[in-house]
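A quick write-up on the structure given underneath.
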Amino acid sequence: MAETFKVRLMQRSFLGLAIAVFIAACGSDSSGPGAGFECLGAALPTTAPSTIILGGQILQNALAPTALAGAEVIASKTGTDTLAATTSSTPGFYSLSISTGGTPVDGFLFVSKSGYITTYAYPSRPLAANDTTNVLVITASEFTLLGNAVGVTHTAGDGSIGIVVRDCDGNPLTGATVASSPPGVIKYNAAGAPSSSATSTSADGVAYILNVAAGSVTVMGTANGHTLRQHIVNARADVITLTELQP
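Under this note's numbering, the first residue of the sequence shown carries the number -2, and numbering increases by one thereafter.
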């Protein structure tokens, strides 16, 4: 079963406004980075609409994701400030209206339901526009299957980070590598399933940083010879942390 265990950690697709922000910020020229890396090194937005909408779907069952109703969903700023809270609907959907104060929101999404491992989802950069974040939550038994598939036994008290590496347009990147400070055990998917031997991302862009010391962790990576934009997540002990890396 471990050989076919497939984990779709987190699906994200930016709404039109977010895409417009990236296009405006990135720009390109014939001597610059290749397609998908036009935003490499670009300054991040410094302003945001007074209110942004964060929505998406909460999913369960890593083998065949389906909607999860009744999950608690909370958006918070990095630190302790709760911005908005709701519960996922019967089809698993949620929508949160977030007041920004006119600046991009540096925060995370908290998802919790009895019987599932609490999950924290961090974007690759502060949110400056409406965003769609779909989050897959898994059970303890599914997490054990993941560990078996990659050959890593979870160390109690450590953090576990799932990463999707994407280009500027949000497309998963093949051949990317990730790292962290402090370091953890790095693993990747291969052919859509967790692998014990893969040394870089496959078509889904998925990587794992396992058994990392709990607390602030800087996640970083490289793709197509480019250094990706690093950022910090709080890898809490014995829960799941999800994030993305982009140029």
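No residue lacks a Cβ here, since even glycine has one placed at the ideal position from N, Cα and C.
- In the same chain as residue 155, and ignoring 5 residues on each side of it, the C-beta atoms closer than 7 Å to its own belong to 208, 209, 210, 211, 234, in chain order.
- About 16 Å separates the beta carbons of residue 125 and residue 106, which is beyond the 8 Å limit, so they are not a contact pair.
- Contact between the stretch 189 to 200 and the stretch 159 to 176 is established, with three or more Cβ pairs separated by less than 8 Å.
- The beta carbon of residue 166 is closer than 7 Å to those of 33 in its chain, skipping five residues each way along the sequence.
- Short of 8 Å from the beta carbon of residue 44, and not among the five residues preceding or following it, lie these beta carbons of its own chain, in chain order: 99, 100, 101, 125.
- For residue 143, the enclosing alpha helix (DSSP H) starts and ends at 137 to 147.
- Residue 88 places its beta carbon less than 7 Å from that of residue 64.
- Minimum Cα-Cα distance from residue 108 among the listed residues 201, 93, 180, 161 corresponds to 93.
- Looking at the backbone, the Cα of residue 162 and that of residue 204 are separated by about 8 Å.
- Residues of the same chain with a CB within less than 6 Å of the CB of residue 181, apart from the 5 flanking positions on each side, are 206, 207, 208, 209 in chain order.
- In summary, residue 41 is exposed, with fewer than 16 beta-carbon neighbours lying within 10 Å of its beta-carbon over all protein chains present.
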